[in-house]
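Here the structure is laid out as C-alpha cells; the discussion comes afterwards.
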Amino acid sequence: MTQNTSFDAFTMWKGLYEKTESTWRDSIQETLQKESFAEGLGQFQSQYLQYQELVNNMTASYLKQVNMPSREEIANVATLVINVESKLDDLEDQIDGNKDNTTKEIEHLKRVVTTLDKKLDRVIQLLDKSSGSATKTNSVQIPEVSPVPAISNAKK
Amino acid sequence: MIELGTRQLEEWMDGLPKDKSYQQLKKFTEIITTDAEPEVGQTPKEVIWTKNKAKLYRYQPAMKKTNKVPILMIYALINKPYILDLYPGNSLIEHLTNKGHDVYLLDWGTPGYEDHNMKLDDYIVDYIPRAVKKVLNTSNAKEITLFGYCMGGTMTAIFTALYPQLPIRNLLLMTSPIDFGDAGLYSNWLDKRYFQLDKLVDTLGNIPFEMIDFGNKLLNPISNVVGPYVSLADRSENENFVLNWKLMQKWLNDGIPFPGASYKQWIRDFYQDNKLINDQLEVRGRKVELANINCNLLNISATRDNIALPHQIAPLNDKVSSKNKTLHSVEAGHVSVVAGRKAINEIHPYIENWITENSK
C-alpha cells in the first residue's frame, strides 16, 4: 500500500488563508467600525505626529547650524519658479486669445483693402478713359497711379 | 550579518526537493524578487500643455479621429493615472482611441513639498478650464466630453457645476463619490473628535502615499495584504494571471503624495462636513450647485467598491438638471471597473458606445 505523503506548503497556506480570512473577516470588520478603534487610531496618530514634529524641529535646527537650506527654504525657491511659470502660462493664454482677435482684424482689413483696390481699379479705368479722350483732344498724359498713395489719399 | 540576496536564495532553493510545491515556490519567488516590472502606459501620446507638475496628454495624435467631440480625462490626486492606460489590450484609453475618439488626459503629476499649499480650488479653477480650452483648440472642436475617475470625477463634477457656460456636451463619472453622509469605515476613522487633520497637515506638509495606502488597505486588511500573494502562489503558472497581477501590484504600490491643503479640504469639506451634495461647498468663493450640471450624464458605480460606495455615487443623478442622465451599476471593484477582464469585455465597450451615441 502506497500513500503520497509529500508536503505541499502552498496548499496548506492557501487552506489556512481561506479558513482564517473567512473566520476573522467579520470580527475584524466589527472592530474597525467601533468608535473605540477610531479613538485608538487618533491616539496613535497623535503620538506619531509628536515624534515627527520633534524630528522636523531637530532637523531644521541642525540644518541652520551647518548653514544648509531647510526643506521650507528650498520649497520657497521652487514656488518662485512655479509662479514665474504661471505668469508665462497666463501670457501664453492671453496671446492665444489675442491671436484669435488679431486674425479676425486682419481678415477684416483684407476685405477693406480688397474693396478699396477694386474701387481704385475703377478710378484708374475712368481716368484712363478720360485721359484717352483728353489725349485725343489735348494730348495730355495722365501719370500712372500706384495703389499705396491711393490708399493714403483715400484715408485723407 | 545575515545577507540573503537573490543568489543565496536561489542556492537555498536548489537544495529543496524538486516536487510541485518546489516549482511553485521557485516561480513565486522569481515573480516577487527578480522578474522585471511590466511596462505601463504604452499608448503613444504627446504633451500639449504643462503647468507646474501637471501635464496634458493627447493620445495617438496621428490616428484618424472619427468622433468630433474630444474626450478630456481628469484624474484623481491619489495614485497615478496610468491605470487608464495600463497595458496594451487592457487600456481604456487605447480602446477609445482605436475607435476614433480624440482622447486627452490631465495628469496632475507628483506634487513636491512646494505644492503643499495647493488647494482643490487651484486645481479646479486654474488648471481644468485652461486644459479644456487647450483641448478645444487642439481638436478644433466646438464641444467636449469630460471623463472623471474616482476623486477626479468629484473634481470634474464640481468644475462642470461651476462652469455651465462652457461647451460641455457629456459628463462621464466613474466611481466618483458625491454624497459623503455615509462613507463606510472612513466616516468612523475620520471622525472630527479623533482625527487630527490640521495637526497632520501642518506637520507633514503633503500626506505621504503610504498613509493613504494604509487607510485603503485597512478597509479589508487580510484580503488586501495577504490575499494577493495567496492568489499569486495559487496561479503562478498562469502567465496571463501573473502579468495582470504584476500590473495591478505595480499600480497599487506606485502612489504619489497628496498635497496638504487639498487633503485638508477633501477630508473636512467632503468626509467630515459633506458639503458637496448639500450645496454648501464653495470653491474660491463661488458656491457649487450640482443642479447647474445640465449636460448628458453617465454615472458609473461598482457594486464591490469599498472606497467609493455605490450609495455615495447615485445621489448625483437626483441633483443634476440633465435631461439625459444614466446611473450604471457594474459588478466590479474600485479598480476592476477600469482595468482587467471584466472592464475590457463589458465596461470599456459600454463607455465607448455611450460616448459615441451622445456625440452625434
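Going down the list, the sequences are from chains A and B. Our numbering applies: residue 3 is where the first sequence begins, and numbers increase by one. Our numbering applies: residue 69 is where the second sequence begins, and numbers increase by one. We treat Cβ as the ideally placed atom computed from N, Cα and C, and that holds for glycine. Remember, it's a predicted structure, so these values are computed and weren't measured experimentally.
In angstroms, rounded to a whole number, what distance separates the CA positions of A:K158 and A:I126? Here A:K158 scores only 38 on pLDDT, less than 50, and its place in the model should not be relied on; the value that follows carries that caveat. So the alpha carbons of these two residues sit roughly 18 Å apart.
Roughly how many whole angstroms lie between the Cα atoms of A:I153 and A:L118? Interpretation of A:I153 is limited by its pLDDT of 46, a score under 50 that renders its predicted location unreliable; no figure is taken from the coordinates.
Which residues in chain B sit within 8 Å of A:Q49, going by Cβ to Cβ distance? Near A:Q49 there are no residues of chain B at all, since even the closest Cβ is about 11 Å away, more than 8 Å.
Endpoints, the alpha helix (DSSP H) within which B:L395 is located: Premise fails: B:L395 lies in the beta strand (DSSP E), K393 to V398, not in any alpha helix (DSSP H).
Going by C-alpha distance, which of B:M279, B:R352, B:N413 and B:G295 is nearest A:Y19? B:G295
For the alpha helix (DSSP H) that contains A:G44, what are its first and last residues? E37 to Q67
Beta strand (DSSP E) segment containing B:A370, residue limits: N364 to A370
Among B:M242, B:N308 and B:F338, which residue has its Cα nearest to the Cα of B:D373? B:M242
Under the DSSP definition of a beta bridge, which residues are partnered with B:T213? B:I139 and B:N238
Buried or exposed for A:Y53, going by 16 or more other Cβ atoms inside 10 Å? exposed
Just by C-beta distance, which residues in the segment 261-289 of chain B are closer than 9 Å to chain A? R261, Y262, F263, Q264, K267, L268, D270, T271, L272, G273, L286, L287, N288 and P289
Taking the CB atoms as reference points, tell me whether B:L160 and B:H416 lie closer together than 7 Å. yes
Per DSSP, B:V351 forms a beta bridge with which residues? B:R354
Rounded to a whole number of angstroms, what is the C-alpha to C-alpha distance between B:W319 and B:E425? 32 Å
Just confirm the distance between the C-beta atoms of B:L174 and B:A122, as a whole number of angstroms; I'd bet it's less than 8 Å. 7 Å
Could you spell out the range, first to last residue, of the beta strand (DSSP E) harbouring B:V200? Premise fails: B:V200 lies in the alpha helix (DSSP H), I196 to S207, not in any beta strand (DSSP E).
Within chain B, the residues that A:Y19 reaches when beta carbons sit closer than 7 Å: V294 and V298
Within its chain, find whatever has a CB closer than 8 Å to the CB of B:V388; leave out the 5 residues flanking it on each side and keep chain order. L358, A359, I361, N362 and L365
Given a cut-off of 7 Å on the beta-carbon distance, is the pair B:K148 and B:Y127 in contact? no
Looking at chain A, is there any beta carbon in it that lies within less than 7 Å of the beta carbon of B:S89? yes
For the ligand HEM, I want to know if B:K387 counts as a neighbour, meaning its beta carbon is within less than 6 Å of at least one of the ligand's heavy atoms. In the structure on display, the ligand HEM does not appear, and there are no ligands present to speak of.
At 4 residues or longer, what runs of the alpha helix (DSSP H) sit wholly inside the segment 95-165 of chain B? none
Which value, in whole angstroms, describes the spacing of the CA atoms of B:L234 and B:L349? 20 Å
Span of the beta strand (DSSP E), counted from its first residue to its last, around B:Y331: Taken as a continuous stretch (DSSP letters only), B:Y331 belongs to no beta strand (DSSP E), being part of the alpha helix (DSSP H) at G328 to Q333.
CB B:T271 to CB A:L65, shorter than 7 Å? no
Run down chain B in chain order and give the residues with a C-beta less than 8 Å from the C-beta of A:I30. P289 and I290
Does any residue of chain A bring its CB to less than 7 Å from the CB of B:A251? no
With a cut-off of 7 Å, does the C-beta of A:G99 fall near any C-beta of chain B? no
Own chain partners of B:Q340 with C-beta closer than 7 Å, once the 5 adjacent residues on each side are dropped: L258 and K260
Does any residue of chain A have a CB that is nearer than 7 Å to the CB of B:Y181? yes
Apart from the five residues just before and just after B:F309, which ones in its own chain have a Cβ nearer than 6 Å to its Cβ? R303
In terms of residues, what are the limits of the alpha helix (DSSP H) holding B:L320? E307 to L320
Which residue or residues does DSSP assign as beta-bridge partners of B:V171? B:I139
Is it true that the CB of B:T228 sits closer than 7 Å to the CB of B:L239? yes
B:M69 versus B:V293: straight-line alpha-carbon distance, rounded: Residue placement at B:M69 is flagged as unreliable, the pLDDT there being 42, under the threshold of 50; the coordinate-derived value follows with that caveat. If I take the Cα positions, the gap works out to 29 Å.
In the DSSP output, which residue or residues are listed as bridge partners for B:I275? B:F326
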